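Please read the structure below before turning to the comments.
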Amino acid sequence: RGRGPRRGGERRSIPLTAAEFQERRAELEAVLAAEEFFFPNREGIQLKVFVKPGTPAADGRPPKLMMLFAPLGQQNMLSYLPIIEHFGSEYTYLSWQYRGFFDSAVPKRSRRTSIRDHAEDARQVLAAALERGYIASEFCDVITAHSMGVQVCLEFVLLYPELTNGLVLMNGSFGSVFNQAFQPFGKLPFLGSMAESLVSWLSSSNPSFILKSLRALAQSGPLVTFLNFVGTHWGSRHWTTSLGATYRTDLITMYMGGITSKDTSSQNWFRGFQELHAHSVKHLLPEIENPTLCLSGRFDYLTPSFGMEEMARLMPNAEHKADWFSTHFSIVENPDFVLREVDRFLRVKRVPSRFKRLDSCHFVGKEEAELDQNDRDSAKPAPLRQRRASPPMATGEQSVAVQ
188 RGRGPRRGGE
198 RRSIPLTAAE
208 FQERRAELEA
218 VLAAEEFFFP
228 NREGIQLKVF
238 VKPGTPAADG
248 RPPKLMMLFA
258 PLGQQNMLSY
268 LPIIEHFGSE
278 YTYLSWQYRG
288 FFDSAVPKRS
298 RRTSIRDHAE
308 DARQVLAAAL
318 ERGYIASEFC
328 DVITAHSMGV
338 QVCLEFVLLY
348 PELTNGLVLM
358 NGSFGSVFNQ
368 AFQPFGKLPF
378 LGSMAESLVS
388 WLSSSNPSFI
398 LKSLRALAQS
408 GPLVTFLNFV
418 GTHWGSRHWT
428 TSLGATYRTD
438 LITMYMGGIT
448 SKDTSSQNWF
458 RGFQELHAHS
468 VKHLLPEIEN
478 PTLCLSGRFD
488 YLTPSFGMEE
498 MARLMPNAEH
508 KADWFSTHFS
518 IVENPDFVLR
528 EVDRFLRVKR
538 VPSRFKRLDS
548 CHFVGKEEAE
558 LDQNDRDSAK
568 PAPLRQRRAS
578 PPMATGEQSV
588 AVQ
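Residue numbers (my numbering): 188 to 590.
Quick look at the structure:
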């Protein structure tokens, strides 16, 4: 796995100029080596799609498909880099930019940026990738989702359960996010309503200026020095190998630079929180029987761990694992935990393959299915034709039978 370009000792202005940001963005995206294309969805909205092709298996089978559902404000697949590098060419990786963000077009009506709309777009992204020959079928072997992507994924699976098998859900929620936000260890009265009111006010108060101010703060000299120091001495091996010790600064720069690149992206970033709160599939979670791995950070202040626990409890074939050393960004803060659990789920125990699909949306454990089939077989009477073909009994046996 080749190392990506590093900043080294080069000094740059803080915050980065537009030209420097585009230069660094190109450097980081080169690490992914993903292909890109645009296509119009059913409403004529141009969506930008990322594909990192896998390698066919030795027996000629096409690579498995992992679809990556992005968190709010992510403009590429960079936050999933540890997973992509860990599983390598075993999978083809497919993702896209949500409508209204970055290089994807903005809908004419703000109502058309709901979670349901993003889930419908995911279905069309699969069709577009199949049409262009990037994937062999529209079926996803696994969907990996983080933050906002979790709610888009849940909506997608409820709409199109026949198009995926396993789910890996990280640091997300089933909906109504303000009811849990900023309450990592339990719900507090009125805090959810205060968070909702704050976001509503920020959304209507020049969001572009607010986010650019936050971007300048995030790229201030003392904070950058501190983050680089942490990355140098306690940084993740996975991230430092690919991006260098400045990976925390780079990821923040990419994220803040992306959501401030266009006024529409800034506006829709705040509106995205409102859509996440307006959306909920909690009442439908028992219908999602796909084998699912839920991962959370115990100190997650945006989508608390107890919400993921409840999600796993309501989904019939889900399990939950929590990390005590991360907040909302477990894949960045403790990728070792994420990779260990995802590898166990997909490779070691091969959990998705231990379930049998009964129909488009129902799964059952294969052992249970085999036992049920054996019970049904043993309860069936012998076929009439088989009983007629039984050899006749001898004369002595007939007399015993009569007696």
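Even glycine gets a Cβ: it sits at the ideal position worked out from N, Cα and C.
Predicted model, so just to flag it, every value in this text is computed and none were measured.
(message) To the nearest angstrom, how far is the alpha carbon of N455 from that of S297?
(response) As a position in the sequence shown, residue 455 is number 268, starting the count at 1. As a position in the sequence shown, residue 297 is number 110, starting the count at 1. Taking C-alpha positions only, N455 is separated from S297 by approximately 9 Å.
(message) Assuming the contact rule is C-beta atoms closer than 8 Å, S360 and G494 should be a hit. Round their C-beta distance to whole Å, please.
(response) In the sequence shown, counting from the first residue as 1, residue 360 sits at position 173. In the sequence shown, counting from the first residue as 1, residue 494 sits at position 307. That belief holds up - the Cβ atoms of S360 and G494 are roughly 5 Å apart, short of 8 Å.
(request) Check the C-beta distance from L526 over to P269 and give it rounded, since I have them as a contact under 8 Å. (result) Working through the sequence shown from its first residue, we reach residue 526 at position 339. Working through the sequence shown from its first residue, we reach residue 269 at position 82. Cβ-Cβ separation between L526 and P269: approximately 6 Å, consistent with a contact (criterion under 8 Å).
(request) Starting from Q284, trace the beta strand (DSSP E) both ways and give me its first and last residue. (result) The sequence position of residue 284 within the sequence shown is 97, counting from 1. Taken as a continuous stretch (DSSP letters only), Q284 belongs to no beta strand (DSSP E), as it is neither H nor E.
(request) Return the residue from the list V339, I518, K508, H549 that minimises the CA-CA distance to F531. (result) Stepping through the sequence shown from its first residue, residue 531 is reached at position 344. With the sequence shown as reference, residue 531 is identified as Arg, and Phe is not the correct amino acid for it. The option with the nearest alpha carbon to R531 is K508.
(request) Name the two residues that bound the continuous beta strand (DSSP E) containing P227. (result) Residue 227 sits at position 40 when you count from the first residue of the sequence shown. Bounds of the beta strand (DSSP E) holding P227 are 222-227.
(message) Taking 6 Å as the limit between beta carbons, can you name the residues of its chain near T419, skipping five residues before and five after?
(response) Within the sequence shown, numbered from 1, the residue matching residue 419 stands at position 232. Same-chain partners within the cutoff: A432.
(message) Which of the three DSSP states is assigned to Q370 in this structure?
(response) As a position in the sequence shown, residue 370 is number 183, starting the count at 1. Residue state for Q370 is assigned as coil, using DSSP reduced to three classes.
(request) Please indicate yes or no: does the CB of L350 lie closer than 8 Å to some heavy atom of the ligand ADP? (result) No copy of the ligand ADP occurs in the structure displayed, which carries no ligand at all.
(request) Have a look at R229 and S391 and give me their C-alpha separation to the nearest angstrom. (result) Position 42 of the sequence shown holds residue 229. Position 204 of the sequence shown holds residue 391. One C-alpha to the other measures close to 30 Å.
(request) Give the range of the beta strand (DSSP E) segment to which K235 is assigned. (result) Position 48 of the sequence shown holds residue 235. Going by DSSP, K235 is part of the beta strand (DSSP E) stretching over 233-239.
(message) For S291 and L234, I'd like the C-alpha separation in whole angstroms.
(response) By one-based count along the sequence shown, residue 291 stands at place 104. By one-based count along the sequence shown, residue 234 stands at place 47. Taking the Cα positions, S291 is about 5 Å away from L234.
(request) For V535, I'd like the list of residues in its chain whose CB is within less than 7 Å of its CB, leaving aside the five on either flank, ordered along the chain. (result) By 1-based counting over the sequence shown, the position of residue 535 is 348. Non-local C-beta neighbours of V535 in its own chain, meaning closer than 7 Å and more than five positions away in sequence, are absent.
(request) Please name the residue, chosen from P371, H273, V238, that lies closest to N263 on a Cα-to-Cα basis. (result) Position 76 of the sequence shown holds residue 263. Relative to the Cα of N263, the nearest Cα in the group P371, H273, V238 belongs to V238.
(request) Please check the pair S453 and L398, which I expect to be a contact at CB under 8 Å, by giving their CB distance rounded to whole angstroms. (result) Against the sequence shown, residue 453 aligns to sequence position 266. Against the sequence shown, residue 398 aligns to sequence position 211. Indeed they touch by this definition, with Cβ atoms about 5 Å apart.
(request) Please report the residue range of the beta strand (DSSP E) in which I330 lies. (result) Within the sequence shown, numbered from 1, the residue matching residue 330 stands at position 143. I330: member of the beta strand (DSSP E) spanning 327-333, first to last residue.
(request) For R402, count neighbouring C-beta atoms within 10 Å of its own C-beta (all shown protein chains included) and say buried if the count is 16 or more, exposed if not. (result) Taking the first residue of the sequence shown as 1, we reach residue 402 at position 215. Burial is judged here by how many other beta carbons sit within 10 angstroms of a residue's own beta carbon; R402 has at least 16 and is buried.
(request) Would you mind working out which of R319, V337, Y347 sits nearest C327, comparing C-alpha positions? (result) For the purposes of this step, residue 327 is identified with residue 140 of the sequence shown, where counting begins at 1. Nearest of R319, V337, Y347 to C327, Cα basis: Y347.
(request) Mind the definition here: the region 457-477 touches the region 510-523 only if three or more C-beta pairs lie below 8 Å; say whether that holds. (result) No, they do not touch.
(request) Determine the contact status of V364 and T490, defining contact as a CB-CB distance below 9 Å. (result) Walking along the sequence shown from the start, residue 364 turns up at place 177. Walking along the sequence shown from the start, residue 490 turns up at place 303. Taking 9 Å as the Cβ cut-off, V364 and T490 qualify as a contacting pair.
(request) Have a look at I232, M335, T351, P258 and flag the residue whose alpha-carbon is nearest the alpha-carbon of C548. (result) Translated into the one-based positions of the sequence shown, residue 548 becomes position 361. Measuring from the Cα of C548, the nearest candidate turns out to be T351.
(request) Within the same chain, show all residues whose beta-carbon is closer than 6 Å to that of P249, passing over the 5 residues directly before and after it, in chain order. (result) By 1-based counting over the sequence shown, the position of residue 249 is 62. Cβ within range, chain order: P243, A323.
(request) Compute the distance between the beta-carbons of V355 and L482, then report whether it is under 9 Å. (result) On the sequence shown, position 168 is the one that residue 355 refers to. On the sequence shown, position 295 is the one that residue 482 refers to. Yes; because the gap between Cβ atoms is below 9 Å, this pair is in contact.
(request) Evaluate E528 with the Cβ neighbour count: other Cβ atoms within 10 Å of its Cβ, from every protein chain shown; 16 or more gives buried, anything less gives exposed. (result) Within the sequence shown, numbered from 1, the residue matching residue 528 stands at position 341. By the 16-neighbour rule on beta-carbons within 10 angstroms, E528 is buried.
(message) Rounding to the nearest angstrom, what Cα-Cα distance links R574 and D546 in this structure?
(response) Position 387 of the sequence shown, counted from the start, is the residue given in the question as residue 574. Position 359 of the sequence shown, counted from the start, is the residue given in the question as residue 546. Reliability of the predicted coordinates at R574 is poor, the pLDDT of 41 falling under 50, and the value obtained from them is presented with this limitation in mind. One Cα belongs to R574, the other to D546, and the distance between them is close to 34 Å.
(request) Output the distance between the C-alpha atoms of K553 and E496, rounded to the nearest integer angstrom. (result) The count along the sequence shown starts at 1 and reaches residue 553 at position 366. The count along the sequence shown starts at 1 and reaches residue 496 at position 309. In this structure, the straight-line span from the alpha carbon of K553 to that of E496 is close to 25 Å.
(request) Check the C-beta distance from S517 over to N358 and give it rounded, since I have them as a contact under 8 Å. (result) Here residue 517 is taken as the residue at index 330 of the sequence shown, counted from 1. Here residue 358 is taken as the residue at index 171 of the sequence shown, counted from 1. Contact flag correct, Cβ pair sits at about 6 Å.
(request) Measure the C-alpha to C-alpha separation of A206 and V411 and round it to an integer number of angstroms. (result) Reading the sequence shown from its first residue, position 19 is the one you call residue 206. Reading the sequence shown from its first residue, position 224 is the one you call residue 411. The alpha-carbon of A206 is positioned some 19 Å away from that of V411.
(request) Check whether the Cβ atoms of M254 and V312 sit closer than 9 Å, and answer yes or no. (result) Here residue 254 corresponds to residue number 67 of the sequence shown, with the count starting at 1. Here residue 312 corresponds to residue number 125 of the sequence shown, with the count starting at 1. The answer is yes: Cβ separation under 9 Å.
(message) Per DSSP, what are the beta-bridge partners of M357 in this structure?
(response) Position 170 of the sequence shown, counting from 1, holds the residue named residue 357. DSSP, once it has assigned bridges, lists H333, L482 as partnering M357.
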